[in-house]
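K.L.:
Note that the working numbering has the sequence shown beginning at 171, numbered continuously upward.
Where a beta carbon is used, it is the ideal one built from N, C-alpha and C, also for glycine.
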Amino acid sequence: MDKLTSMQVFVTVARLGTFSAAAEELGISRAMASKYVNALESSLGVRLINRTTRHLSLTEVGKVYRDKINTILQEIGEAEQAAASLHTEPRGHLRIMAPPSFGSFHLARLVNEYNRRYPEVMIDLQLSNRAPDLFEDGTDLAIALGEQDDSTLIARKLTSTRFVVCGSPDYFNRFGKPKKPEELSSHNCLTLSQQSVITTWKFRIDGKLITLNPRGNFQANTSDPLRIAAIQGSGLIQMPTYIVGLDLQHKRLLPVLEEFEPDELPIYATYIHRKFLSAKVRTFVDFLYEQFQPRPYWENWF
Numbered sequence: 171m172d173k174l175t176s177m178q179v180f181v182t183v184a185r186l187g188t189f190s191a192a193a194e195e196l197g198i199s200r201a202m203a204s205k206y207v208n209a210l211e212s213s214l215g216v217r218l219i220n221r222t223t224r225h226l227s228l229t230e231v232g233k234v235y236r237d238k239i240n241t242i243l244q245e246i247g248e249a250e251q252a253a254a255s256l257h258t259e260p261r262g263h264l265r266i267m268a269p270p271s272f273g274s275f276h277l278a279r280l281v282n283e284y285n286r287r288y289p290e291v292m293i294d295l296q297l298s299n300r301a302p303d304l305f306e307d308g309t310d311l312a313i314a315l316g317e318q319d320d321s322t323l324i325a326r327k328l329t330s331t332r333f334v335v336c337g338s339p340d341y342f343n344r345f346g347k348p349k350k351p352e353e354l355s356s357h358n359c360l361t362l363s364q365q366s367v368i369t370t371w372k373f374r375i376d377g378k379l380i381t382l383n384p385r386g387n388f389q390a391n392t393s394d395p396l397r398i399a400a401i402q403g404s405g406l407i408q409m410p411t412y413i414v415g416l417d418l419q420h421k422r423l424l425p426v427l428e429e430f431e432p433d434e435l436p437i438y439a440t441y442i443h444r445k446f447l448s449a450k451v452r453t454f455v456d457f458l459y460e461q462f463q464p465r466p467y468w469e470n471w472f
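1) Apart from the five residues on each side of it in sequence, which residues of its chain come closer than 7 Å, Cβ to Cβ, to Q462?
2) Within 10 Å of its beta-carbon, does D172 have 16 or more other beta-carbons around it, so buried, or fewer, so exposed?
3) If you count every other CB in all the chains shown that lies within 10 Å of the CB of G232, and 16 or more means buried, which is it?
4) Taking the straight line between their C-alpha atoms, what separation do you get for S212 and S176?
5) Pick helix, strand or coil for S404, following the three-state DSSP scheme.
6) Which word fits G308, buried or exposed, when buried means at least 16 other C-beta atoms lie within 10 angstroms of its C-beta?
7) Assign R286 to one of two classes, buried (16 or more other C-beta atoms within 10 Å of its C-beta) or exposed (fewer than that).
8) Within the 8 Å Cβ cut-off, does T241 reach chain C?
9) Would S363 pass as a contact of A400 if the rule is Cβ separation under 8 Å?
10) Thinking C-alpha only, which one of P432, I442 and A201 is nearest G377?
11) Per DSSP, what kind of secondary structure is T175 in: helix, strand or coil?
12) Are the beta-carbon atoms of P269 and E290 separated by less than 8 Å?
13) Evaluate contact between the stretch 337-357 and the stretch 451-462, counting only Cβ atoms and requiring at least three cross-stretch pairs below 8 Å.
14) Which residues in the same chain have their Cβ closer than 8 Å to the Cβ of L264, if we skip the five residues on either side of it in sequence?
15) Does the Cβ-Cβ distance between Y441 and A314 come in under 8 Å?
16) At what residue ranges does the stretch 217-296 contain a whole run of the alpha helix (DSSP H), taking only runs of 4 or more?
17) Excluding the 5 residues flanking R374 on each side, which residues of the same chain have their C-beta closer than 8 Å to its C-beta?
18) Kindly list the residues whose CB is nearer than 8 Å to the CB of N240, restricted to its own chain and excluding five residues on each side of it in sequence; keep chain order.
19) Under the three-state reduction of DSSP, which class applies to R465: helix, strand or coil?
20) Which value, in whole angstroms, describes the spacing of the CA atoms of N282 and L435?
21) Hey, quick one: how far does the alpha helix (DSSP H) through T411 stretch, first residue to last?
22) Going by alpha carbons, who is nearest to R217 out of E230, K205 and Q178?
23) Here's a check: name, in chain order, each residue in its chain whose Cβ is nearer than 7 Å to the Cβ of L243, leaving out the five neighbours to either side.
24) Helix, strand or coil: which one does DSSP assign to L362?
25) When the Cα atoms are used, what is the spatial distance from L186 to A192?
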């Protein structure tokens, strides 16, 4: 028989003084209450309760055992309450991994508002371009770009991002605007280096996805330096709008070749497939969805 249940039955019998009273409180039969205590005594190899036809009393061993397991059962109850609280109330450490630009531009902006709602959650934001291993890294939640095919994870779509070719007003005043993708060969294109994930520029022309390898005088392995250089008039970039959307809103950058944009890239929140999702993960994903729907704020430039 279940030992924990046997212990609970025993301390209830010890507290109330009869098997009948204990059985009534626990919602079981008197015979079942007696079986639980008998099983506990058998497993311990000692007698815990002296029984007569008129009354029962604890043995000396029974008194010592009762005192010990009362403490144990109380701690178990407190542990269960704590676990239930973590499931229903957002609290504790929330470890998030995200691509550097998305994490810096957007998650960092939103952390303060989330913490105002849920002050007992401590967020640990890790920025990396590598695909996280949520099981090995101990990461609760990851932001992922593009379609997801890992069946061990839950992937909730938060929004999508466009890919836009853009440059500064100063650059276009000096060099003009390209009208077609092939005209990029006569422009200074600021590109990601071979160490990065994406090194080509994509366009949809006559329904077909075309890949180009534009060239320029500046490369970097992350998007941020290229964005800053473009704002300063150094050349053209092709970037997702979650990186350049706010610059487009404030006219620091201007879009070109919009009719040739490739398909939008979906953005997902991914987390481990669990039967019981913690409140901190659930509320943060819901919060992000709320912020990015029906249309993310970085797309409010067109």
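P.N.:
On the basis of the coordinates in this document:
1) Before going on, a small fix: residue 462 reads as Phe here, not Gln. Residues L328 and T329 of the same chain have their beta carbon placed closer than 7 Å to that of F462, with the five preceding and five following residues left out of the count.
2) Taking a 10 Å sphere around the C-beta of D172, we find fewer than 16 other C-beta atoms and assign the residue as exposed.
3) Answer is buried; the Cβ neighbour count reaches 16.
4) A straight line joining the alpha-carbon of S212 with that of S176 spans about 11 Å.
5) If DSSP states are grouped into helix, strand and coil, S404 belongs with coil.
6) So G308 ends up on the exposed side.
7) So R286 ends up on the exposed side.
8) Judged by its chain identifiers, the structure shown contains no chain C, having just a single protein chain.
9) Contact flag unset, no.
10) The shortest Cα separation from G377 among P432, I442 and A201 belongs to P432.
11) In this structure, T175 counts as helix in the three-state DSSP scheme.
12) No, the Cβ-Cβ distance between P269 and E290 is not below 8 Å.
13) No, they do not touch.
14) Excluding residues within five positions, the ones whose Cβ falls inside 8 Å are V291, M292, I293, D294, D310, L311, K450, V451 and F454.
15) Against a cut-off of 8 Å, the Cβ pair of A314 and Y441 comes out as no contact.
16) Note on the stretch 217-296: whole alpha helix (DSSP H) runs with a minimum of 4 residues are 230-258 and 278-287, in chain order.
17) Once the five neighbours on either side are set aside, the close Cβ partners of R374 are I380, F430, E431, P432 and D433.
18) These residues qualify, in order along the chain: V181.
19) When secondary structure is reduced to three states using DSSP, R465 falls in the coil class, being assigned neither helix nor strand.
20) Their Cα atoms are separated by approximately 27 Å.
21) Looking at the DSSP string, the run of the alpha helix (DSSP H) that includes T411 is T411 to Q419.
22) It is E230.
23) Answer for L243: M177, Q178 and V181, listed in chain order.
24) Residue state, collapsed to three classes: strand.
25) Cα to Cα, the separation comes out at about 6 Å.
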